[in-house]
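What follows is the structure, encoded as structure tokens:
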């Protein structure tokens, strides 16, 4: 794959993002200030939070009117009824809950704690929470076109979110949306070192790239919302992050 | 985290590994041939397969005598009874099965398809399959001591395996064992950009590093079993990959 060397580095100087901000312009200005040049094959990994902020996906909790169902679930999970109402609004179904935890299938298909709803890094004074982008693959595709056109380079975009796993502690990166990169590399038919067909045949490349980028993004005060991954140039692919959903008929743990 | 730049690169020239091989010597020789110097803080990510091979964890299928339970489960999953018997031997419990798929809780605690048993990259003529190392954290710790002592550098080791996920297609890297690196970075008490305490508080660093390395390792014929991750130096930690197991009382999907 690629050159045998991957470089993962921060794009410094992205300001706090607000509703309506043009992310392509903010990224191009930050590249300029840092004297960084994009190269063919670069993957720009973007934190979900700044996509959601730019797209105005924040909601004031005071404007949410919880239903009786939300009040009941809030009691069972020790959560605020307004937050639970938002989780219900954003979900296809609630899969599991217990005090402090609510696992939902988001309308987009992701299985996520709290349906991916995030209270951190939204201004506390306005009491707002952040929802996921409405169409993460679409957001990635738009940004890819804008930045490719402005830079003249062949680029890919991955929008990443930090997510938990069923059986492992801690979060890793997940490709919420992507454009240009082959999200799921199909190794079917490849042979191993002894000529036997490989059993494990697909690699979730976009999720692994998201995880690599999250090592640099940091969290908390040092937040770096844009990271560049260089050296994994496998050419353009039209296969986006939607291809990483496991189909429901294959799911044994829902 | 670290310097804001991560480099992930292959260590070329590791030969086919056999039972009893000294991995530390093979790695030091490969570094020498490639004129590569280890640096303080380097993480060496090692493919599980070569650890298992060096530790003699391969078993000839012809020596396995399936029980009636294995024959029954083999029929239900379209698998060879001998493979199923090995999966049963290696597991605490079978969580799910259907034709072609068998999800088990390995004796070590990992939840894995086929209990992590791998037929690929084991010589087809001898009809052998490869089991997981008996003590992956112990294997990582030994290799860390050997390589740190030989190089005079402060190193970390992660043993990686490619694993599937419940709700996502494709595999990513998972830290099967580790030594020296803080496997689970605790962000509890950190504040976000607005001074609010972070909700998502732990990052599965060792799993993310394993995923980054798997982007370089490739699969099939181009296999690169050792990858170096440079730039994530957070000092020595005694917290190994065992800390990444979700405790059973927190598990809602077993």
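Protein chains in written order, with the working numbering: chain B, 1171 to 1424; chain L, 1171 to 1424. Cβ coordinates follow ideal geometry from the N, Cα and C atoms, glycine included. Here the structure is a predicted model, which is why all the values come from computation and not from measurement.
A check of alpha carbon separations from residue 1285 of chain B across B/1296, B/1307, B/1269 and B/1258 identifies B/1258 as the nearest. Relative to the Cα of residue 1412 of chain L, the nearest Cα in the group L/1223, L/1404 and L/1375 belongs to L/1375.
Nearest to residue 1278 of chain L by alpha-carbon distance, out of L/1347, L/1373, L/1210 and L/1216, is L/1347. In chain order, 1352, 1353 and 1354 place their CB closer than 7 Å to the CB of residue 1409 of chain B, counting only its own chain and leaving out the 5 sequence neighbours on each side. Shown in chain order are the members of the segment 1406–1424 of chain B whose Cβ falls below 9 Å from a Cβ of chain L: 1413, 1414, 1415, 1416, 1417, 1420, 1421, 1422, 1423 and 1424. Taking residue 1350 of chain L as the centre and dropping the five residues before and after it, the same chain places the C-beta of 1314, 1325, 1326, 1327, 1406 and 1407 closer than 7 Å to its C-beta, in chain order. The C-beta distance from residue 1401 of chain L to residue 1177 of chain L rounds to 6 Å, short enough to fall under 8 Å. Residue pairing from DSSP places residue 1372 of chain L in a beta bridge opposite L/1356. Under DSSP, residue 1214 of chain B takes part in a beta bridge, and its partners are B/1327 and B/1398. In the DSSP assignment, residue 1253 of chain B falls outside any beta strand (DSSP E) and within the unbroken alpha helix (DSSP H) covering 1251–1260.
Checking the DSSP bridge columns, you'll see residue 1275 of chain L partnered with L/1263 and L/1281.
Taking all protein chains shown into account, residue 1296 of chain L has fewer than 16 neighbouring C-beta atoms within 10 Å of its C-beta and is therefore exposed. Residue 1228 of chain L has a beta carbon lying at 8 Å or more from every beta carbon in chain B.
For residue 1177 of chain B, the enclosing beta strand (DSSP E) has its first and last residue at 1175–1180. At a beta-carbon threshold of 8 Å, the residues of chain L lying near residue 1268 of chain B are 1422, ordered along the chain. For a cut-off of 8 Å, the C-beta gap from residue 1381 of chain B to residue 1382 of chain L is around 6 Å, short enough to register as a contact. The alpha-carbon separation between residue 1207 of chain L and residue 1418 of chain L amounts to approximately 42 Å. Residues are counted here when their Cβ sits less than 8 Å from a Cβ of chain L; for the segment 1173–1185 of chain B these are 1174, 1175, 1176, 1177, 1178, 1179, 1180 and 1182, given in chain order. Of the candidates L/1200, L/1186 and L/1182, L/1200 places its Cα closest to the Cα of residue 1317 of chain L. Using a Cβ-Cβ cut-off of 9 Å, residue 1381 of chain B is close to 1342, 1343, 1374, 1377, 1378, 1379, 1380, 1381 and 1382 of chain L, given in chain order. The beta-carbon of residue 1336 of chain B is placed less than 8 Å from the nearest beta-carbon of chain L. Residue 1339 of chain L sits in coil when the DSSP states are folded into three classes, being neither helix nor strand. Residue 1332 of chain L and residue 1343 of chain B do not touch by the CB rule: their CB atoms are close to 16 Å apart, not below 8 Å. A residue is called buried once 16 or more other Cβ atoms fall within 10 Å of its Cβ, and residue 1252 of chain L is buried on that count. The beta-carbon of residue 1385 of chain L is placed less than 8 Å from the nearest beta-carbon of chain B.
Under the DSSP assignment, residue 1200 of chain L falls outside any beta strand (DSSP E), being part of the alpha helix (DSSP H) whose first and last residues are 1193–1203. Under the Cβ distance rule, residue 1221 of chain B does not count among the residues neighbouring chain L, no pair being separated by less than 8 Å. Three or more beta-carbon pairs drawn from the segment 1185–1193 of chain B and the segment 1220–1227 of chain B are found closer than 8 Å, and the two stretches are therefore classed as touching. Listed along chain L, the residues sitting closer than 8 Å to residue 1354 of chain B by beta-carbon distance are 1339 and 1340. Taken through DSSP and simplified to helix, strand or coil, residue 1393 of chain B comes out as coil.
Under DSSP, the beta-bridge partners assigned to residue 1415 of chain L are B/1338. Think of a sphere of 7 Å around the beta carbon of residue 1273 of chain L: the chain B residues whose beta carbon falls inside it are 1422, in chain order.
The contact set of residue 1281 of chain L on chain B, defined by CB atoms closer than 7 Å, consists of 1337 in chain order. Under the three-state reduction of DSSP, residue 1316 of chain L is assigned to helix. In terms of Cβ geometry, residue 1230 of chain L and residue 1175 of chain L do not form a close pair [threshold 8 Å].
If you look at residue 1243 of chain L, you'll find it isn't in any beta strand (DSSP E); it sits in the alpha helix (DSSP H) that goes 1238–1247.
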